[in-house]
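One structure is given below, encoded as structure tokens.
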Amino acid sequence: MLSNAFVMVAIILVINIVYVSLSTVRMILTLKGRRYIAAIVSMFEIVIYVVGLGLVLDNLDQIQNLIAYAVGFGTGVIVGTKIEEKLALGYITVNVISSNPDIEFTRKLRDKGYGVTSWFAYGMDGDRLSMQILTPRKYELKLYETIKEIDEKAFIISYEPKQIHGGFWVKQVRKGRLMNPRKKQQAAPEPNSFTPPEATREENDTTTYNTPKQE
Numbered sequence: 001m002l003s004n005a006f007v008m009v010a011i012i013l014v015i016n017i018v019y020v021s022l023s024t025v026r027m028i029l030t031l032k033g034r035r036y037i038a039a040i041v042s043m044f045e046i047v048i049y050v051v052g053l054g055l056v057l058d059n060l061d062q063i064q065n066l067i068a069y070a071v072g073f074g075t076g077v078i079v080g081t082k083i084e085e086k087l088a089l090g091y092i093t094v095n096v097i098s099s100n101p102d103i104e105f106t107r108k109l110r111d112k113g114y115g116v117t118s119w120f121a122y123g124m125d126g127d128r129l130s131m132q133i134l135t136p137r138k139y140e141l142k143l144y145e146t147i148k149e150i151d152e153k154a155f156i157i158s159y160e161p162k163q164i165h166g167g168f169w170v171k172q173v174r175k176g177r178l179m180n181p182r183k184k185q186q187a188a189p190e191p192n193s194f195t196p197p198e199a200t201r202e203e204n205d206t207t208t209y210n211t212p213k214q215e
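Sequential numbering of the sequence shown, starting at 1, is according to UniProt numbering.
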């Protein structure tokens with residue numbers, strides 16, 4: 001009898017952990033726009049939910065079953081969150097501000113395959129180099145490590161974009177460039193080697209004009 005009680009508690013605990021884990025993953029998939037995968041997950045979720053709830057309702061006089069159901073629910077939330085972190089769905093946008101605009105920050109990041117948009121900024125204590133970087137979430141921690149290797153004092157802000165459209169970077173990610181960056185890549189111009197558009201236009205302009213003589 002005691003053995004059967006422990007088996008029932010274990011079954012209810014496992015069922016509720018699986019149910020809540022699937023529920024958490026399903027909600028995250030829905031928010032990420034993966035509606036079809038979320039629909040498939042929800043079918044398994046509801047079957048497991050009905051089975052687990054039925055076991056508890058059929059044995060309401062057993063307090064240990066209710067405790068197992070509650071513990072399984074809480075544990076399932078944690079497990080579901082861990083699963084989502086491992087899946088790392090979607091993208092992350094990282095804004096970086098460096099107090100040392102002279103270092104080759106953008107080139108080093110681009111050499112590793114990251115899409116970087118950079119511009120000069122001004123802070124309270126002088127010039128700054130500001131960058132915006134877009135990367136899949138599964139490379140987020142790797143990006144932070146790379147940034148800290150280049151400038152350990154860099155100021156970092158990250159957030160999750162809701163929609164992405166256009167740009168060369170998405171195509172590069174599909175080619176797996178972040179996993180296998182090219183060894184030889186043409187370095188992008190750094191802020192400290194910026195050439196004004198007027199100077200470039202003068203060098204490339206070979207057109208001659210006939211200026212009318214003034215009387």
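Just so it is clear, CB atoms sit at the ideal spot from N, CA and C, and this is done for glycine as well.
Contacting residues, own chain, Cβ-Cβ under 7 Å from residue i (five flanking each side not counted)
i	result
Gln132	Thr93, Asn95, Thr117
Val41	Leu22, Val25, Arg26, Leu29
Leu143	Val94, Tyr114, Ile133, Thr135
Lys184	Any reading at Lys184 needs caution, since the residue's pLDDT is 41, under 50, leaving its predicted position unreliable; the model's value is listed next. Hits under 7 Å: none found.
Val7	none
Gln64	Ala5, Val9
Where residue i sits in the DSSP three-state scheme
i	result
Tyr49	helix
Tyr114	coil
Asn16	helix
Gly54	helix
Ala154	coil
Asn4	helix
Residue i burial status per 10 Å Cβ neighbour count (16 or more: buried)
i	result
Gly33	exposed
Tyr69	buried
Val51	exposed
Tyr91	buried
Leu13	buried
Val20	buried
Ser193	With a pLDDT of 40 at Ser193, under the threshold of 50, the modelled position of this residue cannot be trusted; read the value that follows with caution. Classification for Ser193: exposed.
Val47	exposed
Gln186	With a pLDDT of 44 at Gln186, under the threshold of 50, the modelled position of this residue cannot be trusted; read the value that follows with caution. So Gln186 counts as exposed.
Glu45	buried
Leu60	exposed
Ile15	buried
Endpoints, alpha helix (DSSP H) assigned at residue i
i	result
Ala68	63-87
Start-to-end residues for the beta strand (DSSP E) that takes in residue i
i	result
Asp127	126-136
Ser98	91-98
Chain-order list of residues whose beta-carbon lies under 8 Å from that of residue i (same chain, five-residue window excluded)
i	result
Phe120	Pro101, Asp127, Arg128, Leu129, Ser130, Pro191
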